[in-house]
Amino acid sequence: MKKIISFFITITVLLMVNLSAQNVSIIPQPNKIEMNGEVTSLKTYSSIDYDSNNQEIKLLAEYLSNSLKETNNVKIEPISSKTVKKKPFIKLIIDEYLPNPESYKLNIERDEITILGKTGAGIFYGIQSLLQLLTVSETSNDTVIPIGIIADSPRFTWRGAHLDVCRHFFPVSFIKKYIDILAMYKLNTFHFHLTEDQGWRIELKKYPKLTQIGAWRREADGSTYGGFYTQDELREIVEYAKTKYITVVPEIEMPGHSVAALSAHPEFSCTGGPFEVINTWGVFDDIYCAGNDQVFEFLQDVLTEVMEIFPSRYIHIGGDEAPKKRWKECEKCQARIKKENLKDEHELQSYFIHRIEEFVNSKGRIIIGWDEILEGGLAPNAAVMSWRGIEGGIAAAKSKHFAVMSPVSHCYFDYYQAKSGEPKAIGGYISLEKVYSYEPVPKELTEEEAKFILGAQANLWTEYMLTTEQVEYMLLPRLCALSEVVWSAKEQKDFQKFNERMKHHYKLLSAKGINYRAPRE
Ligand code: ACM
Ligand code: ZN
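Its first residue numbered 1342, the sequence shown is counted upward by one per residue in the working numbering.
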C-alpha cells in the first residue's frame, strides 16, 4: 500500500514539475492567466455540452471533439445541453457580457471546463488556448490540463497573413493547412494574392482566357508552370476559413503587376501587346491602360465575380509598383489626363483607383490597397496597407483612413531569418526577435489617430518559395511572434518568455506535421 501511495505521489509531482517547466505555453500570450499549480486529467471527461438551439456552438463542440481525438487521442463526445450528463464535462457558452466580440474566458476546474465567448469566434479562440494547454504526461500517458482561469481579448481587429500564390502556386489542400496555422495562432485575416505578372490564379466565368492563357507560364527551361483555382474551389476555401473564423480578403492587382491578364487580353494594355506571362521576378512596364473605358468595364466584371465568391468587407485592389512609362507614351492615357484635368500620371493612378473604388463601394464593399494608392490623392473610403515603411499608415490614419501595417522592416517573411546558412530567399533580414519587437501603432499618431490602425500582417511573397515546406519554413516561427504583436497586450510582451513558450510550440508544430525554422545559433 505504501508503495502504491508513493507511486501516485511521484506521478503527481512529475505532472506538476512537467507543467511548471512548461509554464503554460499559450501563444499568443493571453491577457490574464491564473493557474493554481494543479492539474486535472482529461481522460475522466465524457462530454462537451453545447446549447442545442445554437448550430454554430454545436459545430464548435464537434470541432473541439475532433481536435481532441486527432491530437491527443481523447474521445469526448459533443452532447446537447438538453441531455442530463455526469461531471466532469466541458461546456461551451455564449456570454454577452464579455468585452469584445473575440473575447473568451476559459475556466478549468477539476471536474468542469467552461469556455465562454462573446461570439462563436471567442469560443473558437478559447478552444485554441485549451488545445495548446494540453500536455501528455510522460509518466502515465495521460492528457492533463492545468487548473485555473484565463481571460483574454485581442489588441487588434486585423490580425493577418498574406500569401502570394502567383509566383508559385499551391494546392487547395495547402491553402487549408495555411488557414489552420493562422487559426491556431488566433489570426483572423487571410490576404489571398491571386493575380500577378507571373500568373492569374482565379477562374473568371466571363473571361475564360484569363486562366486558359494567364495561369500558365513558359519557364526558361521550356517547361510549363502554373495552375489556378476554380470558383468552386475558392468558395470551398472561403467556407473552410469561415469555420476557423478567418476572413479571406482577395487581392486583384491593378493597374500594375498585371502582365498575366494582359497576355490573355492585350487589348487592355496601352500598346496592344503581344505579351507572355512573365517567367522572371521584378516590376514590369506593361500595365492596364487608364485611358480605355473598356479596361474599367473589364475590371468591374472581374470584381463583380470576385465579390460574389468572397464576402469580405475589404477587397484588395493592389495599386503597388505601377511604372508610369506606358501611360506617358499612350495617347489614350494622355487624353484622359487632359479631359479629367489631371496634373500628371500619379493623378491618373489616383483617378484609376477612385473609379474602381466608386464601383466597389456601390456594391457595399471597401477597397484596401498598397500604400502607393496615397499618391495623387487617396480615394475617399479607401484603407491603406502600409508596406514600404510606416509612413503610408501614418498618412492614412492622420487623414482618418484605416490602415493595416505590414512594413518591409518587420513583416516581410520572404526575407532571410538569419544572416547566413539559410535557403535562398529574396534578400533582407528579419529575425524572429525583430518581428517580435514590432509595434504596429506609430508613435507619430495621437490616441485618436491610433484608432485607425486596424492591425498588422505578415506578407509571404513566394518568388523563392517553390514548395509548401518552404512556405511553412518562412512562416514559422515568425508568425508566432507576429501573433503576439497583434493579439497580446503591449505590456505583456517579453521575448525571452516568448522563446521559452516556443519550446512547447516547436513540439506541437512537429506533431502536426508543420515545418518551421528550428532555433539554432
Ligand atoms: C509589395 O511588396 N510590392 C506590396
Ligand atoms: Zn494607355
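Note that the Cβ used here is the ideal one computed from N, Cα and C, for glycine as well. Note that the structure is a prediction, hence the values are computed from the model and not measured.
Cβ contact annotation for P1495 (same chain, cutoff 6 angstroms, sequence separation greater than five): E1443, W1828, in chain order. Taking a cut-off of 8 angstroms on C-beta distances, the stretch 1784-1795 does not touch the stretch 1459-1469, as fewer than three cross pairs fall below it. According to DSSP, A1744 shares a beta bridge with V1725, I1794. Per the coordinates, the alpha-carbon of K1665 lies some 15 angstroms from the alpha-carbon of A1676.
One alpha carbon belongs to L1535, the other to P1818, and they sit about 25 angstroms apart. CA-to-CA, the gap between P1615 and T1552 works out to about 17 angstroms.
With a threshold of 16 other beta carbon atoms within 10 Å, T1621 falls short and is exposed.
Inclusion of E1537 and A1601 in the CB contact set at 8 angstroms is warranted, their separation being smaller than that value.
Around the beta carbon of Q1539, a 10 Å sphere encloses 16 or more other beta carbons of the protein chains shown; the residue is thus reported as buried.
Contact between M1746 and I1794 holds, since their C-beta atoms are separated by about 6 angstroms, short of 8 angstroms. Taking V1812 as the centre and dropping the five residues before and after it, the same chain places the C-beta of M1806 closer than 6 angstroms to its C-beta, in chain order. Within the same chain, S1494 come within 6 angstroms of P1440 by CB-CB distance, once the 5 residues on both sides are set aside.
The alpha-carbon separation between I1420 and I1587 amounts to approximately 26 angstroms. If you draw a 10 Å sphere on the C-beta of V1425, you find fewer than 16 other C-beta atoms in it, and that means exposed. Sorted by chain position, residues whose beta-carbon lies closer than 6 angstroms to a non-hydrogen atom of ligand 1 are D1661, E1662, W1711, W1728. For R1559, the enclosing beta strand (DSSP E) begins and ends at 1557-1559.
With distances taken between CA atoms, E1592 lies nearest to C1507 out of C1507, L1433, L1400. By the C-beta criterion, the stretch 1512-1519 is judged to be in contact with the stretch 1571-1587, since at least 3 inter-stretch pairs fall below 8 angstroms. Beta-bridge annotation (DSSP): M1595 is paired with G1659. At least one heavy atom of ligand 2 sits closer than 7 angstroms to the Cβ of A1631. Cβ-Cβ separation between F1569 and E1544: approximately 6 angstroms, consistent with a contact (criterion under 8 angstroms). Uninterrupted beta strand (DSSP E) stretches at least 3 residues long and entirely within the stretch 1435-1500 occur at 1445-1449, 1453-1458, 1484-1493, given in chain order.
For I1420, the enclosing beta strand (DSSP E) begins and ends at 1418-1421. Under the three-pair Cβ rule at 8 angstroms, the stretch 1479-1494 counts as touching the stretch 1362-1377. In this structure, the C-beta of K1666 stays at least 7 angstroms away from each heavy atom of ligand 2. DSSP places V1506 outside both helix and strand once states are collapsed to three, so it counts as coil. The closest CA to that of A1663, considering only E1411, I1714, L1820, R1542, is found on I1714. Taken in chain order, the whole beta strand (DSSP E) runs of length 3 or more contained in the stretch 1754-1810 are 1794-1799. Taking the C-beta atoms as reference points, A1799 is found nearer than 8 angstroms to F1754.
Going by DSSP, V1647 is part of the alpha helix (DSSP H) stretching over 1634-1650.
The beta carbon of R1858 lies closer than 6 angstroms to those of Q1758, Y1814 in the same chain, with the five residues before and after it left out. Assigned with DSSP and collapsed to three states, T1588 falls in strand. Collapsing the DSSP output to three states places N1702 in a helix. For H1687, DSSP assigns no beta-bridge partner whatsoever. S1406 places its beta carbon less than 8 angstroms from that of I1417.
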